[in-house]
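**Q**
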Amino acid sequence: MKLRLHNSLTRQVEDFVPQDPSRVTMYVCGPTVYNYVHIGNARPAVVFGLLARLLRRRYSKLVYARNITDVDDKINAAARQAGTPIKAITERFAQAYHDDMARLGVDPPDIVPHATAHMPEIIRMCQALIASGHAYAAEGHVLFEVARFADYGKLSGRSTDDMIAGARVEVAPYKKSPGDFVLWKPSSDDLPGWDSPWGRGRPGWHIECSAMAAAHLGETIDIHAGGNDLMFPHHENEVAQSTCAHEGKVFARYWLHNGMLTFGGRKMSKSLGNVMILHELLEAYPGEVLRFLLLRAHYRQPLDWSESTLSQARSTLDGWYGVLRDRADVHVEHDQWTVPEEFESALCDDINTPAAFAVLARLADEARQATSIEERHRSKAALLGAGQLIGLLQEDPERWFQQTRAGADIDPDWVRGLLDERVAARAARDFARADRIREELAARDVIIEDSTEGTRWKIAKRDPATR
């Protein structure tokens, strides 16, 4: 089956054909590490991490880079406010980002380039742009001259005038035009800085990604991806500076952009006070619940975040895990897991996760209804294989239902001890004692379920408002 992707540059879905099938390259814009990321920052990592899995199933080698921006004015401000060295801020929150991505089931990329480790490459790219006449030095700055690149605006589909009017551009006396953007800027003694031909300074944001992509993936890469809020100015500027620094070579052959998260229909923003911090959400919900919700809508569409959608995600996963728990007697080795063609085909259609989830729901129904030994084995293998590809159903079913809500402290041994006492009480026909044990467990949000297969327990789902 063909992998088809929506290319933002051509504004249409195309067959993906790499320039070198033996070495496919992909670059995804990572975080600026000055604080914990919000849930919207996790969407590109989850979505394009899933794309990486699809690419690895098709090609012998994928080189996937997702960067860390560890030099930025926001980082400087955060360090100043905390009264701590800048490196302490960047190392702490870069590690937090990696840890939180792992909890979301995001595979680590092959390469995690840090901007501060690529100053020689950044300086050389600035020099190449000056030499080619596309950039100029002024008062310790190096600026890209937008008027010298005829295709500026092609990616975002906007005219230069519209882009300047709609963007926050610094009108400075050293600029030839307000739309010219900074490649290098001077640093005062209290800010991070590196020696350069233009004095001690630091890079602008945009050139960092261009230099890191070229250093690790080559001057022309197959896929560049990120949130659609980066299309302008970040990605537009990357195209301009990379193309001009590399003698007109195409920078990225396919551009992919994911839609933004909204909260109650409104864009998440700090000014509105509706930003959801991922690190905090992971303390309140299992990682798979958050991953499911991030994949629930098609990646190019906006995704509305709410307590009700979180509850729906948990309920759906509970249902699928319930099937696996009920089929615990069906033993399927890992190498017997299969990915149904219909499921993978949905994902290969521009990462169509809604269609893939519809197939997954049908696979769960088939596993629930299977009667013969062969059907039970085949259907469970298909459910597990599809779940593994999309990054769900990776927990032990019993453990899934025993996960605690935020702030709860439930000792499984304590629960099992009370359940053993309850079994003994019922055997002795001491039903009053058995009922008291059930009530004691319920008071700690532990629900017990009696069945012909024995007694099971799980943590009760709470109304989010009662947390």
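Quick note, the sequence shown lines up with residues 783 to 1249 if you use our numbering.
Each residue gets a CB set at the ideal place from its N, CA and C atoms; glycine is no exception.
Fair warning: this is a prediction, and the values are worked out from it, not measured in the lab.
(1) Determine, using beta-carbon pairs with one atom in the stretch 995 to 1004 and one in the stretch 969 to 987, whether at least three such pairs fall under 8 Å.
(2) Once you ignore the five residues that flank residue 1157 on each side, which residues in its own chain have a CB closer than 6 Å to its CB?
(3) Is the separation between the beta-carbon of residue 937 and that of residue 791 shorter than 8 Å?
(4) Can you tell me the Cα-Cα spacing of residue 1200 and residue 1163, whole angstroms?
(5) Got a sec, what are the start and stop residues for the alpha helix (DSSP H) residue 781 sits in?
(6) Which term fits residue 859, buried or exposed, when burial requires 16 or more other beta carbons within 10 angstroms of its beta carbon?
(7) Closer than 8 Å by C-beta to residue 1091: which residues in its own chain qualify, once you throw out the five before and the five after it? Chain order, please.
(8) Taking the alpha carbon of residue 823 as the reference point, which residue from 879, 991 and 840 has its own alpha carbon closest?
(9) Just to confirm my understanding: we take residue 1222, look at its own chain, exclude 5 residues before and 5 after, and list those with CB closer than 8 Å. What are they?
(10) Using a Cβ-Cβ cut-off of 7 Å (strictly less than) and excluding sequence neighbours within five positions of residue 1184, which residues of its own chain qualify?
(11) Are there 16 or more other CB atoms within 10 angstroms of the CB of residue 1211, so buried, or fewer, so exposed?
(12) Answer yes if the stretch 809 to 821 comes into contact with the stretch 871 to 887, meaning at least three C-beta pairs across the two stretches below 8 Å, and no otherwise.
(13) So, does the stretch 913 to 929 touch the stretch 953 to 962, judging by three or more C-beta pairs under 8 Å?
(14) Just mark residue 1189 as buried or exposed, buried being the case when its beta carbon has 16 or more other beta carbons within 10 Å.
(15) Within the stretch 953 to 987, note down every full beta strand (DSSP E) run reaching 3 residues or more, in order along the chain.
(16) Go to residue 1036, then tell me how far its beta strand (DSSP E) extends in each direction, as first and last residue.
(17) Quick check: what's the CA-CA separation for residue 1099 versus residue 1147?
(18) Check this for me: beta carbons of residue 891 and residue 846, under 8 Å apart or not?
(19) Against chain B, with Cβ distances strictly below 8 Å, would residue 1221 count as a contact?
(20) Among the candidates 1103, 825, 1206 and 1019, whose CA atom is the shortest distance from the CA of residue 1087?
(21) Could you spell out where the beta strand (DSSP E) holding residue 1131 opens and where it closes?
(22) From the DSSP output, read off the bridge partner residues of residue 1239.
(23) Spell out the partners DSSP gives residue 851 in its beta bridges.
(24) So who's on the other strand from residue 789, going by DSSP bridges?
(25) Thinking C-alpha only, which one of 1106, 1130 and 928 is nearest residue 1026?
(26) Taking the alpha-carbon positions, what's the residue 1059 to residue 1113 distance?
(27) In the DSSP assignment, what residue or residues form a beta bridge with residue 808?
(28) Count the other CB atoms within 10 Å of the CB of residue 1155; is the residue buried (16 or more) or exposed (fewer)?
(29) Would you kindly work out how many angstroms separate the C-alpha atoms of residue 1220 and residue 1209, rounded to a whole number?
(30) Closest by CA to residue 962, which one among 1023, 994, 1013 and 984?
(31) Since residue 1175 contacts residue 1121 with CB under 8 Å, what's their CB separation in whole angstroms?
(32) Between residue 881 and residue 1063, what straight-line distance do the alpha-carbon atoms span, to the nearest angstrom?
(33) Do residue 1014 and residue 940 have their beta-carbon atoms positioned less than 8 Å apart in this structure?
(34) For residue 1114, write down the residues that DSSP places opposite it in a beta bridge.
(35) With DSSP collapsed to three states, give me the class of residue 1162.
(36) Who are the near neighbours of residue 861 in its chain, counting only those whose CB is closer than 7 Å to its CB and skipping five residues on each side?
**A** Let me spell this out:
(1) no
(2) Position 375 of the sequence shown, counting from 1, holds the residue named residue 1157. Within the same chain, residue 1157 has no close Cβ partners at all.
(3) Locating residue 937 in the sequence shown gives position 155, counting from the first residue. Locating residue 791 in the sequence shown gives position 9, counting from the first residue. Yes, these two residues count as a Cβ contact at 8 Å.
(4) Within the sequence shown, numbered from 1, the residue matching residue 1200 stands at position 418. Within the sequence shown, numbered from 1, the residue matching residue 1163 stands at position 381. If you take the alpha carbons of residue 1200 and residue 1163, they lie about 35 Å apart.
(5) Because residue 781 is not part of the residues shown, which for the chain are 783 to 1249, the question remains open.
(6) The sequence position of residue 859 within the sequence shown is 77, counting from 1. Counting Cβ neighbours within 10 Å, residue 859 comes out exposed, since fewer than 16 surround it.
(7) On the sequence shown, position 309 is the one that residue 1091 refers to. Contacts found: 1075 and 1078.
(8) One-based indexing of the sequence shown puts residue 823 at position 41. Answer by Cα proximity: 879.
(9) Walking along the sequence shown from the start, residue 1222 turns up at place 440. Around residue 1222: 1200.
(10) For the purposes of this step, residue 1184 is taken as the residue at position 402 of the sequence shown. Excluding residues within five positions, the ones whose Cβ falls inside 7 Å are 1194, 1239, 1240 and 1241.
(11) Here residue 1211 corresponds to residue number 429 of the sequence shown, with the count starting at 1. It counts as exposed.
(12) yes
(13) yes
(14) Here residue 1189 refers to the residue found at position 407 when the sequence shown is read from its first residue. Here the model assigns residue 1189 a pLDDT of 38, short of 50, so the residue's position is not dependable and the matter cannot be decided.
(15) 963 to 968 and 983 to 985
(16) Against the sequence shown, residue 1036 aligns to sequence position 254. Unbroken beta strand (DSSP E) run through residue 1036: 1034 to 1040.
(17) For the purposes of this step, residue 1099 is taken as residue 317 along the sequence shown, with counting starting at 1. For the purposes of this step, residue 1147 is taken as residue 365 along the sequence shown, with counting starting at 1. C-alpha separation (whole angstroms): 13 Å.
(18) Counting from one through the sequence shown, the residue named residue 891 turns up at place 109. Counting from one through the sequence shown, the residue named residue 846 turns up at place 64. It is a contact, given that the beta carbons lie within the stated cut-off.
(19) Among the chains in the structure shown there is no chain B, since it carries only a single protein chain.
(20) Locating residue 1087 in the sequence shown gives position 305, counting from the first residue. If we check each option's Cα against that of residue 1087, 825 comes out closest.
(21) For the purposes of this step, residue 1131 is identified with residue 349 of the sequence shown, where counting begins at 1. Per DSSP, residue 1131 belongs to no beta strand (DSSP E) and is neither H nor E.
(22) Taking the first residue of the sequence shown as 1, we reach residue 1239 at position 457. Answer by DSSP bridge pairing, in chain order: 1230.
(23) Walking along the sequence shown from the start, residue 851 turns up at place 69. According to DSSP, which records beta bridges pairwise, residue 851 is partnered with 814.
(24) Locating residue 789 in the sequence shown gives position 7, where the first residue counts as 1. Paired residues: 794.
(25) Within the sequence shown, the letter at position 244 stands for residue 1026. The shortest C-alpha separation from residue 1026 is found at 928.
(26) Here residue 1059 corresponds to residue number 277 of the sequence shown, with the count starting at 1. Here residue 1113 corresponds to residue number 331 of the sequence shown, with the count starting at 1. Roughly 39 Å separates the two Cα atoms.
(27) For this step, residue 808 is matched to residue 26 along the sequence shown. Per DSSP, 846 and 1005.
(28) For this step, residue 1155 is matched to residue 373 along the sequence shown. It counts as exposed.
(29) Counted from its first residue, the sequence shown places residue 1220 at position 438. Counted from its first residue, the sequence shown places residue 1209 at position 427. Taking the straight line joining both Cα atoms gives about 15 Å.
(30) Indexing the sequence shown from 1 puts residue 962 at position 180. Closest option to residue 962, Cα to Cα, is 1023.
(31) To locate residue 1175, count along the sequence shown from 1; it is residue 393. To locate residue 1121, count along the sequence shown from 1; it is residue 339. The pair is not a contact, with the Cβ atoms about 13 Å apart (cut-off 8 Å).
(32) Locating residue 881 in the sequence shown gives position 99, counting from the first residue. Locating residue 1063 in the sequence shown gives position 281, counting from the first residue. Going by the C-alpha atoms only, they are around 13 Å apart.
(33) Against the sequence shown, residue 940 aligns to sequence position 158. Against the sequence shown, residue 1014 aligns to sequence position 232. Going by C-beta atoms, residue 940 is nearer than 8 Å to residue 1014.
(34) For the purposes of this step, residue 1114 is taken as residue 332 along the sequence shown, with counting starting at 1. The partner list for residue 1114 (beta bridge, DSSP) is empty, contrary to what the question assumes.
(35) Counted from its first residue, the sequence shown places residue 1162 at position 380. Reduced to three states, the DSSP call for residue 1162 is helix.
(36) Here residue 861 is taken as the residue at index 79 of the sequence shown, counted from 1. Here the set comprises 867, 868 and 871.
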